[in-house]
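Numbering (my numbering), first residue to last: 3 to 412.
And the structure:
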């Protein structure tokens, strides 16, 4: 039995809920990111204007003004970028803190039966490697993704405003990137989900072997445990090799997609200049925009890869809270320490009963020894009395109150 995996809709709703709690800070971050993006597109536009101005015989004062505007835009870009990154990281810290608190709360309220059935590896993986992956994307990735996204949007708009006849060709030449990334995501999402699960299994397998090393040695199970760990590591290696191959193919594909727009804008722009439809300065500006788009789009593709890891990790983290409780806690308080077991039956697997119609009474202060061969159900009966598992049939009461209605803390 594994802990559940949250759906994409649930993950999206939970993330939106986390960021909505800091709406004011989120809007401030967006505003500063827009300022960064706008400042970044000023320089290529001014460079193009300066070429046209020189071609038209502009005076030196005009060129000095253009240089001053470029210097001012660079300064604004540096300051706004620093402030935007700072506020994004502060926001990321707060969101991650709330996410971690929610995870701890969900783990603390997991039914003991579910925890034991799922094994330590699954829960350990969700609370360590998965949370670490999410920490990286929230603290650093959110800031960078927002900056890069606004840079792309503003740069595309600027390319159209400067000269749409060259700008639309540049934008169209970036369209194949969508299909490249889409194909990559379809091939790797399941791989990343499997990687997280395998990582959890490896961690759990090693942890259980170390913690129960005395039992492993006494039963001469060393070879069995080593063999099992080796199989899991081999599966993990095969999974990582496939995902690395996919990433390599993505990088090669993006090289062609990202450099093509610059070449196309130069060739197409030169042809339009020859026909007298556009100016040399406009072509230079749009070409610079095409070159400027290459960096954020290339980095965005890398962040999309990280987002896949984070999305899988978030689905596993939010899935912890989807475990249904195994009891309905009531308000009744046991009147005494008397234990009453009536007609209890239980099985871990359907068709393989461990206990059949067991009844007993233990008065307060009385001591009862339960003996029998290994596998007779002694520990299972203790688990039922402790309410770790609910019985399939019958009832168990402590002080006249059903144990399944008592909180686990009791």
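Glycine included, every Cβ here is placed at the ideal spot set by N, Cα and C.
**Study point:** Coil, strand or helix - residue 344 by DSSP
**Key:** In this structure, residue 344 counts as strand in the three-state DSSP scheme.
Check your understanding: Distance, Cα to Cα, residue 251 vs residue 194?
Key -> Cα to Cα, the separation comes out at about 16 Å.
Check your understanding: Is it true that the CB of residue 145 sits closer than 7 Å to the CB of residue 219?
Key -> Cβ distance not < 7 Å, so residue 219 and residue 145 don't count as in contact.
Check your understanding: Whose C-beta lies closer than 8 Å to the C-beta of residue 7 among residues of the same chain, with five residues either side of it excluded?
Key -> A distance below 8 Å between beta-carbons, with the five flanking residues on each side excluded, links residue 7 to the following residues of its chain, in chain order: 195, 317, 318, 321.
Practice item. Determine, using beta carbons only, whether residue 210 and residue 234 come nearer to each other than 7 Å. Key: Not a contact, by the Cβ cut-off of 7 Å.
Review point. Around the C-beta of residue 82, are 16 or more other C-beta atoms found within 10 angstroms, so that it is buried, or is it exposed?
Key: Under this definition residue 82 is a buried residue.
Practice item. Take residue 395 and list the residues in its own chain whose beta-carbon comes closer than 6 Å to its own, dropping the five residues that flank it on each side. Key: For residue 395, where only same-chain residues beyond five positions count, the Cβ hits under 6 Å are 347.
**Study point:** Residues near residue 108 by beta carbon distance below 6 Å, same chain, minus five either side
**Key:** Counting only Cβ-Cβ distances below 6 Å, and skipping sequence neighbours, we find 322, 323.
Point to revise | Whole-Å CB distance - residue 303 paired with residue 390, under 8 Å assumed | key: Not really, about 48 Å apart at Cβ, beyond 8 Å.
Check your understanding: Helix, strand or coil: how does DSSP classify residue 325 here?
Key -> Reduced to three states, the DSSP call for residue 325 is coil.
Exercise for review: Indicate the three-state DSSP secondary structure (helix, strand or coil) for residue 338 in the structure shown.
Suggested key: Annotated three-state conformation of residue 338 is coil, per DSSP.
Check your understanding: With distances taken from CA atoms, which of 398, 385, 399, 401 is nearest residue 116?
Key -> It is 385 whose Cα lies nearest to the Cα of residue 116.
Point to revise | residue 63 to residue 69 span [Cα, whole Å] | key: Distance between residue 63 and residue 69, taken at the CA atoms: about 10 Å.
Check your understanding: Between residue 27 and the rest of its own chain, which residues show a CB-CB distance below 8 Å, the 5 nearest in sequence each way excluded?
Key -> These residues qualify, in order along the chain: 89, 92, 93, 96.
Practice item. Mind reading off the beta-carbon distance from residue 148 to residue 297? Whole number of angstroms is fine, and I expect it under 8 Å. Key: Approximately 16 Å separates the beta-carbon atoms of residue 148 and residue 297; this is outside 8 Å, ruling out the contact.
Exercise for review: Tell me residue 398's beta-bridge partners as DSSP assigns them.
Suggested key: According to DSSP, residue 398 bridges with 343.
Exercise for review: Output yes or no for whether 7 Å exceeds the beta carbon distance between residue 127 and residue 245.
Suggested key: Taking 7 Å as the Cβ cut-off, residue 127 and residue 245 do not qualify as a contacting pair.
Review point. For the 8 Å Cβ check, are there 3 or more pairs between the region 165 to 175 and the region 337 to 344?
Key: The region 165 to 175 is not in contact with the region 337 to 344.
Review point. Should the region 349 to 367 be called in touch with the region 41 to 53, which here means at least 3 C-beta pairs below 8 Å?
Key: Taking 8 Å as the limit for Cβ pairs, the verdict is that the region 41 to 53 does not touch the region 349 to 367.
Check your understanding: Whose CA, out of 139, 35, 23, 55, lies closest to the CA of residue 314?
Key -> 139 is the residue among 139, 35, 23, 55 whose C-alpha sits nearest the C-alpha of residue 314.
Check your understanding: Count the other CB atoms within 10 Å of the CB of residue 359; is the residue buried (16 or more) or exposed (fewer)?
Key -> Within a 10 Å sphere around the beta-carbon of residue 359 sit fewer than 16 other beta-carbons, which makes this residue exposed.
Check your understanding: Thinking just about the alpha-carbon of each residue, which of 137, 375, 198 is nearest to the one in residue 98?
Key -> When only C-alpha atoms are compared, the closest one is 137.
Check your understanding: Mapping DSSP to helix, strand and coil, what is residue 355?
Key -> In the displayed model, residue 355 falls within a strand according to three-state DSSP.
Review point. CA-CA distance, residue 75 and residue 45?
Key: Inter-residue distance for residue 75 and residue 45 is about 7 Å (C-alpha atoms, whole angstroms).
Check your understanding: If you drop the 5 nearest sequence neighbours on each side, which residues of the same chain put their C-beta closer than 6 Å to that of residue 268?
Key -> Setting aside the 5 residues that flank it on each side, residue 268 is surrounded in the same chain by 289, each with a C-beta closer than 6 Å to its C-beta; the list follows chain order.
Exercise for review: In angstroms with no decimal places, state the Cα-to-Cα distance between residue 247 and residue 287.
Suggested key: Between residue 247 and residue 287, the C-alpha separation is close to 37 Å.
Check your understanding: For residue 254, which three-state DSSP category applies?
Key -> Three-state DSSP puts residue 254 in a helix.
Review point. For residue 362, which beta-bridge partners are listed by DSSP?
Key: Residue 362 is bridged by DSSP to 343.
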